[in-house]
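Working notes, structure below.
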Amino acid sequence: MEYIWITNMVIIAIEFIIFLIISFSYIKNYKKTGLKVYNQIFVFLFVFMVQSAMTLYIYYNFSKFLGLNVSLPLLIINITGLTGTVLLYRFISQ
2 MEYIWITNMV IIAIEFIIFL IISFSYIKNY KKTGLKVYNQ IFVFLFVFMV
52 QSAMTLYIYY NFSKFLGLNV SLPLLIINIT GLTGTVLLYR FISQ
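Number 95 marks the last residue of the sequence shown (this note's numbering); no jumps.
In structure tokens, the structure reads:
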């Protein structure tokens with residue numbers, strides 16, 4: 002397995018952890034307020050967490066037979082996605 006594939010998987014795992022942190026934050030707020038708007042946010046976060054988990058599985062399988070010509074463009078896409086996720090976390094946590 003190439004190091005770029007491992008880096009891709011680490012980036013996706015970090016995104017998953019950030020979505021998990023955001024969901025725990027909203028769970029605390031939901032318990033305090035009980036607002037129904039949090040239900041849609043939970044669904045939104047759940048979809049992104051499932052997407053991250055599926056991406057990890059797919060990348061692991063891709064790493065067995067695909068090389069640098071696939072992993073490098075995906076690395077750029079994943080870095081962009083991680084940047085967006087970190088910005089989302091920063092905006093939400095303010």
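C-beta atoms are modelled at their ideal positions from N, C-alpha and C, and glycine is treated no differently.
### Query
Hey, would you say E16 sits closer than 8 Å to S72, going by beta carbons?
no
### Task
Could you pull the start and end residues of the alpha helix (DSSP H) that E16 belongs to?
4-34
### Query
How many Å lie between N70 and N79 at the Cα?
15 Å
### Query
Is L67 helix, strand or coil when you go by DSSP?
coil
### Query
When the distance is taken between beta carbons, is I23 closer than 8 Å to L57?
no
### Message
Going by DSSP in three states, Q95 sits in which element: helix, strand or coil?
### Response
coil
### Message
Taking the straight line between their C-alpha atoms, what separation do you get for L75 and N9?
### Response
7 Å
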